[in-house]
Every structure is written in structure tokens, then in C-alpha cells.
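**Q** Here the sequence shown is numbered in my numbering, starting from 17 and rising by one per residue. Every residue, glycine too, gets a C-beta built ideally from N, C-alpha and C.
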Amino acid sequence: MKDRLIIALDLPSTGEAAALTQRCGETVSFYKIGLQLLPVGGMELCEQLRSDGKKVFLDFKLHDIPTTVEKATRSIASRGGDMLTVHAEPPVMRAAVAGRGDDPDLKLLSVTVLTSYDDAMLTEMGYRMGARDLVMRRVEQALEAGMDGVVASPLEASEIREKFGDDMLIVTPGIRPSWSGKDDQARAATPAYALRNGATHLVVGRPVNAAPDPAEAARKILEEMDTA
Ligand code: C5P
Numbered sequence: 017m018k019d020r021l022i023i024a025l026d027l028p029s030t031g032e033a034a035a036l037t038q039r040c041g042e043t044v045s046f047y048k049i050g051l052q053l054l055p056v057g058g059m060e061l062c063e064q065l066r067s068d069g070k071k072v073f074l075d076f077k078l079h080d081i082p083t084t085v086e087k088a089t090r091s092i093a094s095r096g097g098d099m100l101t102v103h104a105e106p107p108v109m110r111a112a113v114a115g116r117g118d119d120p121d122l123k124l125l126s127v128t129v130l131t132s133y134d135d136a137m138l139t140e141m142g143y144r145m146g147a148r149d150l151v152m153r154r155v156e157q158a159l160e161a162g163m164d165g166v167v168a169s170p171l172e173a174s175e176i177r178e179k180f181g182d183d184m185l186i187v188t189p190g191i192r193p194s195w196s197g198k199d200d201q202a203r204a205a206t207p208a209y210a211l212r213n214g215a216t217h218l219v220v221g222r223p224v225n226a227a228p229d230p231a232e233a234a235r236k237i238l239e240e241m242d243t244a
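1. I need the straight-line Cα distance from Gly117 to Arg90, nearest angstrom please.
2. Are there three or more Cβ pairs, one per stretch, closer than 8 Å when the segment 122-131 is compared with the segment 169-189?
3. Below 6 Å, is the gap between the Cβ of Ala208 and the nearest heavy atom of ligand 3?
4. Taking just the CA atoms, how far does Gly50 sit from Thr216?
5. On the three-state DSSP scale, how would you describe Met109?
6. Tell me which residue opens and which closes the alpha helix (DSSP H) that Tyr209 is part of.
7. Express the C-alpha separation of Gly142 and Glu232 in angstroms, rounding to a whole number.
8. Cβ of Leu78 versus every heavy atom of ligand 1: is any distance shorter than 6 Å?
9. Which runs of the beta strand (DSSP E) spanning at least 3 residues fall entirely within the segment 155-215, listed in chain order?
10. Quick check on DSSP: helix, strand or coil for Ile237?
11. Cα-Cα, which of Tyr47, Leu36, Gly96 and Ser29 is closest to Pro189?
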């Protein structure tokens with residue numbers, strides 16, 4: 017279960033992030049480094065964590081012209097990481113697959129629809145379909161492009177599993193144990209719900225990284241995951 021819980025290091029500095037990983041100790045084996053840490057030493061922290069035996073999810077959500085995405089993916093693969101996200105547009109995803117080359121260690125994940133978006137926000141942005149339909153369309157396109165899996169809301173995981181089978185990774189943020197607040201996550205669910213619905217990995221941020229005792233919070237989540 018431990019390797020299926022990914023704690024988001026959404027903190028302002030690598031020093032604070034490293035301190036959090038120390039406090040989590042052996043309880044946590046997988047961390048997510050995102051855009052907040054990338055400009056301030058995120059890749060160095062990634063290398064450090066991997067040399068300490070931890071896994072690292074690089075949530076950089078690449079989105080650019082294909083040649084740039086391909087080169088960026090190649091650069092990232094050369095530094096090492098266990099998972100990398102790109103936006104789920106077919107040219108972007110195909111470029112990432114090309115840039116990864118035959119590095120089997122770096123799993124590529126498509127960001128379908130951000131879990132902070134609901135249907136009203138998608139309409140405001142000019143989309144003609146709701147979150148659910150857009151997610152399903154993007155999952156299909158991700159698999160066609162050769163991606164390893166998707167990032168999706170726990171509320172969509174079971175439908176994705178049913179439609180697209182067991183081989184793909186489904187990484188779900190928007191996880192909120194019953195004892196924590198929802199913050200800005202519009203489509204949140206509990207850890208047990210996400211697993212029962214087919215998620216392979218859960219991404220948890222504030223319920224752990226802002227907890228008074230992060231190791232204890234992570235342990236409680238792992239216990240809940242075990243019940244599922
Ligand atoms: O604090 P919280 O648990 O809401 O953090 C969720 C993490 O997952 C954040 O780092 C956020 O950027 C990320 N994420 C997300 N929704 C996505 C993709 C990533 O919330 N669709």
C-alpha cells in the first residue's frame with residue numbers, strides 16, 4: 017500500500033520539503049514534486065530522494081509545442097524520476113512518448129481534467145462537454161498516444177477502469193479523508209473510495225503536508241487504504 021500513496025511536496029523550498037520527508041520517515045515511500053519546487057531545486061531534491069530509495073512523481077504538467085515537450089521530456093528522463101505528467105492533448109502526449117524514448121523507468125501520465133474544475137468552470141473556459149465526457153475522451157487519446165496512464169478524479173476512476181481495462185495507471189488527487197477539509201478540490205473523495213474505484217495511486221497534499229504530525233496523518237490514510 018505504501019508505494020500507492022504519493023505525498024505532494026507542495027512547499028516553498030527544498031529545505032522545507034526535505035524536512036517534511038524526514039518527518040514522514042519510513043511511513044512514506046513516494047513523493048510528488050510539482051511546479052512550486054521545480055524552479056528552486058526540485059530536480060536536485062528528486063535526485064536526493066531517489067538516492068535515498070524513495071520514488072518521485074514529477075508533476076510538471078508539460079504543455080507546449082511538440083518539439084519543446086519532446087526535448088523537455090528527454091531532459092527530465094536524463095535526470096531521473098518515476099512518473100511525469102503532461103497535459104492530455106494528443107500532440108503533447110505523442111511528443112512526450114517520443115522524448116521518453118525507451119527509458120522504462122519514467123512512467124508518463126496524462127492530466128485529463130484538473131480536479132479543481134467542475135462543469136461550470138469548463139463551460140466558462142469554452143468547452144462544450146462536461147468534466148466526465150472530457151475525461152473519457154482524453155483517456156482514450158492518452159492510451160492511443162502510448163501513455164502509461166492518467167491523472168483523474170477518484171469520482172471518474174471506476175468508469176475509466178470499466179471502459180479502458182486493467183493495464184493502465186490511474187493516479188487520483190483530490191483525496192480527502194473524512195477527518196480533513198476539502199480546500200479547493202471540487203471533485204474530492206476518500207482514500208478507500210478511490211482505491212475501490214480502481215485508482216492505482218493516490219496523491220495527497222494538504223491533509224499530510226499541512227498536518228501537525230505528517231507521519232501520523234499518512235499512517236491514518238494508509239490504514240484506511242488497507243481497509244479498501
Ligand atoms: O493539497 P491537495 O491534496 O489538494 O493537493 C493535491 C495535489 O495534486 C496538488 O499538488 C495538485 O497540484 C495536484 N493535482 C490535482 N489535480 C490534478 C492534478 C494534480 O490536485 N488533476
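**A** The relevant details are as follows:
1. As a working note, residue 117 is residue 101 in the sequence shown. As a working note, residue 90 is residue 74 in the sequence shown. Each residue's alpha carbon lies about 8 Å from the other.
2. Touching, yes.
3. Absent from the structure shown: ligand 3. Ligands present: ligand 1.
4. Stepping through the sequence shown from its first residue, residue 216 is reached at position 200. Stepping through the sequence shown from its first residue, residue 50 is reached at position 34. Between Thr216 and Gly50, the alpha-carbon positions lie close to 20 Å from each other.
5. Taking the first residue of the sequence shown as 1, we reach residue 109 at position 93. Residue state, collapsed to three classes: helix.
6. Residue 209 sits at position 193 when you count from the first residue of the sequence shown. Residue range Pro207 to Arg212 is occupied by the alpha helix (DSSP H) that includes Tyr209.
7. On the sequence shown, position 216 is the one that residue 232 refers to. On the sequence shown, position 126 is the one that residue 142 refers to. Rounded to whole angstroms, the separation of the alpha carbons of Gly142 and Glu232 is 43 Å.
8. Reading the sequence shown from its first residue, position 62 is the one you call residue 78. It does not: the Cβ of Leu78 is nowhere closer than 6 Å to a heavy atom of ligand 1.
9. For the segment 155-215, whole beta strand (DSSP E) runs of length 3 or above, ordered along the chain, are 165-167 and 185-188.
10. As a first step, residue 237 is located in the sequence shown; it is residue number 221 there, counting from the start. It is helical.
11. Residue mapping note: residue 189 aligns to position 173 of the sequence shown, counting from 1. Residue Tyr47 holds the alpha-carbon nearest to the alpha-carbon of Pro189 among Tyr47, Leu36, Gly96 and Ser29.
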